[in-house]
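Undergrad: Okay, here's the structure, questions in a sec.
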Amino acid sequence: MSKALSFAIYKALGKNAILCESRSLLLNKFNPLENRVSDKLSFLERIVKIKPSPQKLKSWKQCLLNELNITSDNIVFAKLRASLLLNDSFLVNFPGNSISLERFSGVPLISGQAIKSCARRVAIEKLHDSNADSKTELAMKICSVFGLAVSDLADTSDIAWACGLFWKKILPEINHYFISHHRDRELQSQCESTIYFGLMGKVRFLPAFPWELAYPDLSVEVLSCHHNRYYETSSYYSENKRVNLNETLSQFSEALDIERPEVEHILGISAGSVFAFPIVGEKAYVDIAKNWLMEGLAIYGIGSRTNSGFGWFDASSEIQSIYAKDFDSERAVSGFSLSGYTETEVIADEKKETKSTVDLKLSVKETENQTNVTFLNKLNNFSKLSDEEKRVLVNILRAEKREVWEDIKTKARKGHWARIEQEIRLFAKKTGLGKMP
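Here is the structure:
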């Protein structure tokens, strides 16, 4: 049910929320009063034009590199081959689809739950297709990687389905495995043959953010159903007294192209974006989970409407190799790890800021606020700039001024801008800033 805005909120957002700069807020809270397709489409196109905050991706990368201190062996890189539908749109409701925009920054986000489900689907399929001799071992691996809940022991669980006729034989071994691995020794003595509590998996699937965003990073997708009446139940027609039920059912007993399609628009993450899927835990189990996830992203996809071509990824070894090198380069440039540092040393290190560093930060802020034309003029003399200035410009091109980089690539088919584009790419590669998009 729609609610009237308070005057304070109306004043802050303006008419039709014209002053709102957060696409997450618009997508979640602002619903056009008109229900026309054109209004919905223009509303979504407006959201596409709003840029996400690059600071979120910077802080997320720093978290991976410094705080979690993980390596590229803990990450699956995958490139979107088709749009990945969002579930934050009020236009179409997709329950269970955990693909959304991060609330504060507007950066696309894939939840750990959705990632875990994708990997588990592959694991269950492999368990189902395995022979009798390997079913027990594979079932134990699945329980170790994903954890074990009481519901997993029911005859209706996915593990029971995959084990088939061997389920009754495998179940006692799973029970024994749980009891022998439970930390509470007193509880072990109480649980002789039945599991009453869950067992946490040895692997954790963290939320995935884009490592490299396509431009624009969002797109408007069109969904349409051509056979609405064919999919309707007979109760719909029986309630409509003006419709002859027998005649209607015979007319729409086949999915013929005689109906007018109902068009719906929804946002999707653009194809070409590269996501990083961090997986942490015991190395042996991380390797198993990575293989399952890579296969799941490529074969089954992730999110909604995968049968219609959405949500498919390229998780090939070539993609892993390219972006693992990029990750390692950024790790080398970061050059900092919390391991081996005391809290006092970290705080003291944060306070050490020379005058040149302060000046550089001011320069970055000033450059970010420049117009695109002024920024392009500065890039005209890229080869004559110092390495520090080049580094600042390249970092801004990869984030705040992404549209300028796209403009340069368009101009770079020949002549002066082709040389500048090549210089920027070579500098980024040589200094370990990562591959330019």
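Here our numbering is used: the first residue of the sequence shown is 74, the next is one more, and so on. Ideal Cβ placement from N, Cα and C applies to all residues, glycine included. Source: prediction; values computed, not measured.
Judging by CA-CA distance, which residue of Leu279, Met213, Ile232 is the nearest neighbour of His249?
TA: His249 has its Cα closest to that of Met213, out of Leu279, Met213, Ile232.
Undergrad: Which runs of the alpha helix (DSSP H), 4 residues or longer, sit entirely within the region 132–219?
TA: If we require 4 residues or more, the alpha helix (DSSP H) runs fully inside the region 132–219 come out as 185–202, 205–219.
Undergrad: Would you tell me roughly how many angstroms separate the C-alpha atoms of Trp490 and Leu174, rounded to the nearest one?
TA: Cα to Cα, Trp490 sits roughly 34 Å from Leu174.
Undergrad: For Ser230, collect the residues of the same chain with a Cβ closer than 7 Å to its Cβ; drop the 5 residues on either side in sequence, then sort them by chain order.
TA: Same-chain partners within the cutoff: Ser224.
Undergrad: Could you give the distance in angstroms between the alpha-carbon of Lys508 and the alpha-carbon of Glu403?
TA: Taking the straight line from one Cα to the other gives about 10 Å.
Undergrad: Look at the Cβ atom of Gly341, then the Cβ atom of Ser292, and state whether they are nearer than 8 Å.
TA: Taking 8 Å as the Cβ cut-off, Gly341 and Ser292 qualify as a contacting pair.
Undergrad: So who's on the other strand from Phe282, going by DSSP bridges?
TA: Paired residue(s): Ala349.
Undergrad: Using only the alpha-carbon positions, how far apart do Leu357 and Cys216 sit?
TA: A small correction: the amino acid at residue 357 is Ala; Leu does not occupy that position in the sequence shown. Whole-angstrom Cα-Cα distance: 14 Å.
Undergrad: Provide the residue span of the alpha helix (DSSP H) that contains Gly369, from first to last.
TA: First-last of the alpha helix (DSSP H) with Gly369: 356–372.
Undergrad: CA-CA distance, Ile372 and Trp385?
TA: Cα to Cα, the separation comes out at about 8 Å.
Undergrad: Exposed or buried, Ser297, counting other C-beta atoms within 10 Å across all chains shown (16 or more means buried)?
TA: Answer is exposed; the Cβ neighbour count stays below 16.
Undergrad: Taking 7 Å as the limit between beta carbons, can you name the residues of its chain near Leu86, skipping five residues before and five after?
TA: Hits under 7 Å: Leu92, Cys93.
Undergrad: Alpha carbon to alpha carbon, how far is Asp112 from Gly185? Give it in angstroms, no decimals.
TA: Each residue's alpha carbon lies about 34 Å from the other.
Undergrad: Alpha carbon to alpha carbon, how far is Ile339 from Lys122? Give it in angstroms, no decimals.
TA: Between Lys122 and Ile339, the C-alpha separation is close to 15 Å.
Undergrad: What's the call for Tyr396, buried or exposed, on a 16-neighbour Cβ count within 10 Å?
TA: Tyr396 is buried by the Cβ-count criterion.
Undergrad: Apart from the five residues just before and just after Pro125, which ones in its own chain have a Cβ nearer than 6 Å to its Cβ?
TA: The answer, listed in chain order, is Ser178, Gly179, Val180.
Undergrad: With a threshold of 6 Å on Cβ separation, who are the neighbours of Gly274 within its own chain once the five nearest residues in sequence on each side are excluded?
TA: Taken in chain order, the residues that qualify are Val218, Phe219, Gly220.
Undergrad: Which whole-angstrom value describes the C-beta separation of Trp133 and Phe282, a residue pair presumed to lie in contact below a C-beta threshold of 8 Å?
TA: Right, their Cβ atoms sit about 5 Å apart.
Undergrad: Taking Cβ positions, are Ala233 and Ala227 nearer each other than 8 Å?
TA: Against a cut-off of 8 Å, the Cβ pair of Ala227 and Ala233 comes out as a contact.
Undergrad: Leaving out five residues on either side along the sequence, give the residues of the same chain with a beta carbon under 7 Å from the beta carbon of Asn147.
TA: So the qualifying residues of the chain are Pro351, Ile352, Val353, Val359.
Undergrad: Whose C-beta lies closer than 8 Å to the C-beta of Arg315 among residues of the same chain, with five residues either side of it excluded?
TA: Its pLDDT being 46, under 50, Arg315 is placed unreliably by the model, and the measurement read from it follows with that caveat. Cβ neighbours of Arg315 beyond the five flanking positions: none.
Undergrad: Can you give me the C-alpha to C-alpha distance between Ile48 and Ile375, rounded to a whole angstrom?
TA: Beyond the ends of the chain as shown, which are 74 and 510, falls residue 48; an answer cannot be given.
Undergrad: Count the other CB atoms, across all protein chains shown, that sit within 10 Å of the CB of Ile82; report buried if there are 16 or more and exposed otherwise.
TA: That one is exposed.
Undergrad: Would you list the one or two residues that DSSP bridges to Phe386?
TA: Bridge partners of Phe386: Leu153.
Undergrad: Beta strand (DSSP E) containing Glu337: first to last residue?
TA: Its beta strand (DSSP E) spans residues 335–342.
Undergrad: Which of the three DSSP states is assigned to Ser292 in this structure?
TA: Here Ser292 sits in strand by DSSP.
Undergrad: If you draw a straight line from the alpha carbon of Phe150 to that of Leu137, how long is it in whole angstroms?
TA: Each residue's Cα considered, the two are about 14 Å apart.
Undergrad: So what does Leu244 bridge to, in DSSP terms?
TA: Paired residue(s): none; Leu244 is not in a bridge.
Undergrad: For Leu449, which of helix, strand or coil comes out of DSSP?
TA: Residue state, collapsed to three classes: helix.
Undergrad: Let's test the definition: count the other Cβ atoms within 10 Å of the Cβ of Gly369 and tell me whether it reaches 16, buried, or not, exposed.
TA: By the neighbour-count rule (16 or more Cβ atoms within 10 Å), Gly369 is buried.
Undergrad: Specify, as a first and last residue, the run of the alpha helix (DSSP H) that Ser97 falls within.
TA: Start and end: 96–102.
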